[in-house]
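Data block below; observations after.
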Amino acid sequence: MQKTFTHPQSLKNVSTHYCPGCGHGIAHRLVAELIDELGIREKAIAICPVGCAVLAYDYWDFDCTEAAHGRGLAVATAIKRLRPDNFVFTYQGDGDLAAIGTNETIHAANRGENLSVIFINNAVYGMTGGQMAPTTLLGQKTATTQKGREAKLHGHPLKISEMLAILPAVKYVERVALHSPQSVLQTKKAIKQAFENQINNVGFSFVEVLSPCPTYWGLAPKEAMAWIKDVMMKEFPLGKIK
């Protein structure tokens, strides 16, 4: 019988610590598969900042480094400039990239650094207790918006992909999701494009991934997948933005 799936060499064979239904495990596997398929394992350096994303180094079997909260793209810029032949990417959540790291994100993109960015958007702070994130939807209940997010009090959800797409030095922006097998395949395709862009010195590439957080959404894993499709995608529509 022909084998159709193998464990990626770049993914450690360990038990997950993530909550049931969390999307990080899917995203980790996609990254590991692409690192193997593109033959860049010995050159790859991942930046894993504070948040649920920081623990990616427990799962990826290639070089990873931490960064202070929000400083992922500052660290990535330094490493890429010092070691231009390495493949450098950041793996960041919305609380990290779109909140405390907004400054680093915008300026790295504006400079057109030859980096690849994977932005996991689950519309909530995961590691610290389910507080409102910049991407939390209007009406969404969190630990700090128990009556739901209100525009007058908290502002509207930040659409980071659209914000970055207007910058001239940004070369590629796409929003994808993890709510179905088809969407997972498209997510892998988008991340591959972002990775290949760096390999070919195209410039700054950004992939936003809508990912489930059943624990802090207060939903069962299956319901969380449906919530991405039925609710979240209305605020954050999928597709190539640039």
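Quick note: to get our numbering, add 113 to the position in the sequence shown (first position is 1).
Note that CB positions come from ideal geometry on N, CA and C, so glycine has one too.
Distance from Gly152 to Leu291 at the Cβ level is roughly 25 Å; contact not present, criterion being Cβ atoms closer than 8 Å. The closest CA to that of Pro325, considering only Gln122, Pro247, Val344, Leu271, is found on Val344. The beta carbon of Leu143 sits closer than 8 Å to the beta carbons of Val297, Thr300, Lys301, Ile304 from its chain, once the five residues preceding and following it are set aside; these are given in chain order. The Cβ neighbour count for Lys272, taken over all protein chains shown within 10 Å, is at least 16; the residue is labelled buried. For Met114, the number of other beta carbons within 10 angstroms of its own is below 16, and it is reported as exposed. For Asp209, there is no enclosing beta strand (DSSP E), as DSSP gives it neither H nor E. Only residues of its own chain outside the window of five on either side were considered, and among them Arg288, Val289, Ala290 have a CB closer than 7 Å to the CB of Leu351, listed in chain order. Straight across, the Cα-Cα distance linking Leu266 with Thr215 is about 20 Å.
Ranked by Cα distance from Pro281, the options Asn234, Thr255, Thr117, Asn223 are led by Asn223. For Val322 against Ile231, the beta-carbon gap comes to about 6 Å, under 8 Å, which counts as contact.
In the structure shown, Glu155 adopts coil according to DSSP, grouped into three states. Listed as beta-bridge partners of Asn234 by DSSP are Leu323. Counted as a single uninterrupted DSSP element, the beta strand (DSSP E) harbouring Asp176 occupies residues 176 to 180. Around the beta carbon of Gly239, 16 or more other beta carbons sit within 10 angstroms, so the residue counts as buried.
Under the DSSP assignment, Arg142 falls in the alpha helix (DSSP H) whose first and last residues are 137 to 150. Boundaries for Val289: no alpha helix (DSSP H) harbours it, while the beta strand (DSSP E) harbouring it runs 283 to 290, taken from the DSSP string. Cα atoms of Lys125 and Gln205: separation of roughly 20 Å, rounded to the nearest angstrom.
In the displayed model, Tyr131 falls within coil according to three-state DSSP, outside both helix and strand. The beta carbon of His130 is closer than 8 Å to those of Leu168, Asp171 in its chain, skipping five residues each way along the sequence.
Per DSSP, His269 is not a residue of any alpha helix (DSSP H), being assigned neither H nor E. For Ser296, the enclosing alpha helix (DSSP H) stretches over residues 294 to 312. When DSSP reads this structure, Lys254 sits in no beta bridge, so it has no partner. Ranked by Cα distance from Lys254, the first of Gln295, Gln311, Tyr329 is Tyr329. The region 176 to 183 and the region 335 to 342 do not touch, with fewer than three beta-carbon pairs separated by less than 8 Å. Taking the C-beta atoms as reference points, Pro133 is found nearer than 8 Å to Pro327.
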